[in-house]
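Enquirer: So that we are looking at the same thing, I have put the structure below in C-alpha cells.
In my numbering, the protein residues as written are 1 to 147.
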C-alpha cells in the first residue's frame, strides 16, 4: 500500500491518498504543489536552513527542480545499496537513522562521518518548519556545507 499525506499551505487542506495511481495524480496536480520556502535572509551561502530549503529540489519546480533532482540522482547513483546496507548494519550501536547517515557520509567520502551524523538530525528537525529554534540547525547547515 502506498500512503502519502500532503498539506497544501495555501488552503491548509490535508490530502491523504493510499493507491499508487492517486499518489501519482496528486504529484502531477499543479494545485497541490507546496508553497515555496520563505526567502532566505541576506546571510552567506549555506548559512541557514532557509538557504537549504531555497536551494533543494524538494521545494522547487520546473527547470530548477529538474536540474537539482538530476544532481541528487547522480550522487545517489554513485552508491552501492548492498554495500551501504552492510555498512549501516555493521556500524557502531545507536539510532538507526544516525547509523544510516554515518554510512552515507562514509560512502560519499565526506570528512568526519560521525560529525555529519550528529549534525543531520538538527537540520532534519527544522527542515519542514517543525521548530522555532533554528540556531542549532543553522549552525549544523553551516558545518555540513563546509564539509
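Even for Gly, the Cβ is constructed at its ideal location relative to N, Cα and C.
Does the distance from the C-beta atom of residue 122 to that of residue 136 stay below 7 Å?
Expert: It is a contact, given that the beta carbons lie within the stated cut-off.
Enquirer: Apart from the five residues just before and just after residue 52, which ones in its own chain have a Cβ nearer than 6 Å to its Cβ?
Expert: Only 141 meet the Cβ criterion.
Enquirer: State buried or exposed for residue 116, treating a residue as buried only when at least 16 other CB atoms are found within 10 Å of its CB.
Expert: Result: buried.
Enquirer: Please report the Cβ distance between residue 74 and residue 145, rounded to the nearest whole angstrom; I am assuming they are in contact, meaning their Cβ atoms lie under 8 Å.
Expert: The Cβ separation is near 18 Å, so there is no contact.
Enquirer: Where are the beta strand (DSSP E) runs, 3 residues long or more, that stay fully inside the segment 88-119, in chain order?
Expert: Listed in chain order, there is nothing to give.
Enquirer: Output the distance between the C-alpha atoms of residue 62 and residue 30, rounded to the nearest integer angstrom.
Expert: Rounded to whole angstroms, residue 62 to residue 30 spans 11 Å at the Cα level.
Enquirer: For the putative contact between residue 54 and residue 72, defined by C-beta atoms under 8 Å, what is the C-beta separation to the nearest angstrom?
Expert: About 16 Å; that fails the 8 Å criterion.
Enquirer: Please classify residue 82 as buried or exposed, where buried requires at least 16 neighbouring CB atoms within 10 angstroms.
Expert: Label assigned to residue 82: exposed.
Enquirer: Below 7 Å between beta carbons: does that hold for residue 100 and residue 88?
Expert: In contact: residue 100 and residue 88 (Cβ atoms closer than 7 Å).
Enquirer: Smallest Cα separation from residue 95: which of 120, 143, 134, 109?
Expert: If we check each option's Cα against that of residue 95, 120 comes out closest.
Enquirer: Given residue 80, which residues of its chain have a CB within under 7 Å of its CB, disregarding the five upstream and five downstream residues?
Expert: Closer than 7 Å at Cβ, skipping near neighbours: no residue.
Enquirer: Could you tell me how far apart the beta carbons of residue 113 and residue 102 are, in whole angstroms, since I believe they sit closer than 8 Å?
Expert: With 8 Å as the limit, residue 113 and residue 102 qualify as a contact, their Cβ atoms being about 5 Å apart.
Enquirer: Where does residue 20 land, buried or exposed, given buried means 16+ other C-beta within 10 angstroms?
Expert: Classification for residue 20: exposed.
Enquirer: Rounded to the nearest angstrom, how far is the Cβ of residue 134 from that of residue 49, given a contact under 8 Å?
Expert: Their Cβ separation, rounded to whole angstroms, is 6 Å, which keeps residue 134 and residue 49 in contact under 8 Å.
Enquirer: Taking the alpha-carbon positions, what's the residue 78 to residue 64 distance?
Expert: Roughly 22 Å separates the two Cα atoms.
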